[in-house]
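Chemist: Questions regarding the structure given below will be posed in turn.
Residue numbers (our numbering): 20 to 130.
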């Protein structure tokens, strides 16, 4: 299966690498060029025990980009794994989730 993951933090990258380990092709989308470059070199931008080894072992099945169009047009399933920080009042800030959903929606119109 071809899977896209939006966000390459702890949830997104670990999820993507695990899907790749199961034999899926994974495209990770992020806005951070440095994270994208590191992931594509097989170097995780975060620490999670065992993640680096799994990323290296599955490097041929996982690719990072900032290109939503490429990711959505070339995958069957998309997971949104972006940050949900707290607002000043303690409530959840869904701004990044909404932005990701809007980008996905734009690309699905052309699929």
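Positions of the beta carbon are idealized from the N, C-alpha and C atoms, including for glycine.
1) May I have the straight-line CA-CA distance separating residue 96 from residue 108, to the nearest angstrom?
2) Cα-Cα, which of 42, 56 and 75 is closest to residue 48?
3) Suppose contacts are defined by Cβ-Cβ distances below 8 Å. Is residue 119 in contact with residue 101 by that definition?
4) Check the C-beta distance from residue 65 over to residue 83 and give it rounded, since I have them as a contact under 8 Å.
5) Look at the alpha carbon of residue 146 and the alpha carbon of residue 31, and state the distance between them as a whole number of angstroms.
6) Under 8 Å between the Cβ atoms of residue 61 and residue 78?
7) What residue does the alpha helix (DSSP H) around residue 59 start on, and which one ends it?
8) If you follow the beta strand (DSSP E) that residue 24 is part of, which residue opens it and which one closes it?
Modeler: This is what the structure gives:
1) In the chain shown, counting from the first residue as 1, residue 96 sits at position 77. In the chain shown, counting from the first residue as 1, residue 108 sits at position 89. Looking at the two C-alpha atoms, the distance is approximately 34 Å.
2) Sequence index remark: in the chain shown, residue 48 carries index 29 (1-based). Ranking 42, 56 and 75 by Cα distance to residue 48 puts 56 first.
3) Here residue 119 is taken as the residue at index 100 of the chain shown, counted from 1. Here residue 101 is taken as the residue at index 82 of the chain shown, counted from 1. Going by C-beta atoms, residue 119 is nearer than 8 Å to residue 101.
4) For this step, residue 65 is matched to residue 46 along the chain shown. For this step, residue 83 is matched to residue 64 along the chain shown. With 8 Å as the limit, residue 65 and residue 83 do not qualify as a contact, their Cβ atoms being about 13 Å apart.
5) Since the displayed the chain opens at 20 and closes at 130, residue 146 lies outside it and no answer follows.
6) The residue labelled residue 61 in the question sits at position 42 within the chain shown. The residue labelled residue 78 in the question sits at position 59 within the chain shown. It is a contact, given that the beta carbons lie within the stated cut-off.
7) By 1-based counting over the chain shown, the position of residue 59 is 40. Counting along the chain, the alpha helix (DSSP H) containing residue 59 begins and ends at 52-59.
8) As a working note, residue 24 is residue 5 in the chain shown. Taken as a continuous stretch (DSSP letters only), the beta strand (DSSP E) holding residue 24 covers 21-25.
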